[in-house]
Structure formats: structure tokens, C-alpha cells
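For this note's numbering, count along the sequence shown from 1 and bump the result up by 1. All residues carry an ideal CB built from backbone N, CA and C; glycine is no exception. Below is one structure, written out as C-alpha cells; the observations come after it.
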Amino acid sequence: MEETPYHISYEFSFGDGKRNVFEILLDPKTVSIIRTRPNFKPEWARLESNRCRCCPLGKETHPYCPIALNIADLIEEYKDMISVDRCIVRCTTPARTYLKETSIQEGLFSILGIIMATSNCPVMEFFKPMARFHLPFSTLQETVFRSTSIYLLKQYFAYKKGQEPDMNLEKLAKYYKKIQMVNEGILGRISDIVTKDASKNALVILYSLSQILSMNIEGRLNSIEHLFGESGIETMGSMEGSGLAVRGEG
């Protein structure tokens, strides 16, 4: 197991020569974000300020929304920027570097996604494995593939422990309904403090993505089923017949 924090860096380069760098450190064991400015607690980050409809936290134990606290620096930095302005975004992880000429909102979309997944919000915990294997600038199809694959891997581990796996993705569809509520709540929090639309639109993209993913799941993943074809299904069937199927250890 890794012992040092997992380090992800986002660098925004603008046409006027300005550069912004945003660093993310993840605990190697819990995949929780490590706050670098623990004393920065804006009023809009309080739990009761535009609280998410599905929030299970109590204000006595959590006076502040964990996601709001962790995105506060980012929102403050980009609150006066326009979403469609162009920039070059470089994302560096321990494994590789990604580079893309894109809009500010797409760069923020990627950063917000990983922060929200690792802030110890009970609703967003599901995304921690995806955050550990972060893929910036992911497309809709990539996100559908990754989120369902990780969910099914989670079901495999449940099966190993003797639990009933959710192979119909029923709980995954419910997850995404709650995730939409979280995106709504965070958008409501920042609406009164940002003067331009870069941060807002990044959250709108996240909200729209969660809606589309929910529809894909309810549609039985028809949008990616063709990638596997009938031959893949037959191959798995022959493996089961040969005694190679995985069995639970519970």
C-alpha cells in the first residue's frame, strides 16, 4: 500500500501569460482529500447554507459542508472568470501528465469532480475509487464506462464477502439521483458569491452529466452495450462452463 499522499496538480495557463496552479493531495489509505488551508471557512460553506436535500449529516457534528470547505479556495480563485474563456490545462498525476487546450469550465469541471468525490461527503463516497484513478477531461462515454465498471467491481467484492451483489445496477441509479441533489445544493451555495459563470457552469456540467448517467443506467447501458458484442458474452459463458467462474468466499 502507498504511504505518501497521492498528488494531483492542475495548472491553468492563460493567453495573457497568467498561470494558476491548484494542488490536490489525497490520503493514500482513505482516498480523502488533505486540506491545505484548514482555517479558511467562508460563511457559505456552513452546512445549513443551501443544504443539499439528501444530506445525512448533522450540524452538531458537521457545522460545515465538507465539499464546500474543500472547494472554497477554487471558487474564490475563479469566481470572476468567464466559463468559455480559453486556456491550456495541464493535469499531472504520479502516473502521467495530461494536457489540453480547452475552456476554463472544462478544467474546473475536472477539478470539482475529484474534490467532491474525496471530501468525505457520505453521498459522494462511491466515487473515491474513480478519484484515485483520476481521468481528467473524461467524455460522457468514458464516464459511463468507468462508473459502471467500478460499481460492478464493488459488487464483486461484496459477493466475495457473501453479500448479495446488485447486478441490475438498481442502487447505482439511486446513487445518481442523490448525486444530482448534491450538485444542485453546491450550485445554490456558490450562486450568490460568484460574479462570472465559470464555476457555476462547471457545476451545471456535473449536474447534467449525473442526469445523463442516470438515464443511461435506467436504459440498461444501451449506449455502450455494442462495444462488447455477442462474442464477449459467449466467451464468458464458456469460461463458466470450464470451471473458471469466480466463486464467493463468504
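- By the beta-carbon neighbour count (other beta carbons within 10 angstroms, threshold 16), V183 is buried.
- Per the Cβ contact rule, the stretch 146-160 is not in contact with the stretch 16-24 (fewer than 3 Cβ pairs under 8 Å).
- As a beta-bridge residue in DSSP terms, V22 pairs with E12.
- A Cβ-Cβ distance of about 15 Å is found for the pair C122 and P64, leaving them out of contact under the 8 Å criterion.
- Within the stretch 45-79, there are no complete beta strand (DSSP E) runs of at least 3 residues.
- With contacts defined as CB atoms closer than 8 Å, L27 and T144 fail to qualify as a contacting pair.
- Classified as buried, A73 has 16 or more neighbouring CB atoms from the shown chains inside 10 Å of its CB.
- Its chain contains F138 as the residues whose beta carbon lies nearer than 7 Å to that of E107, once the 5 sequence neighbours on both sides are disregarded; these appear in chain order.
- For K201, the CB contacts under 8 Å within the same chain, skipping 5 residues up- and downstream, are S84, L188, I191, S192 and V195 in chain order.
- Here I112 carries a helix assignment [DSSP, helix/strand/coil].
- Using a Cβ distance threshold of 8 Å, Y99 and C88 do not count as a contacting pair.
- Shown here, S192 sits in coil according to DSSP, grouped into three states, outside any helix or strand.
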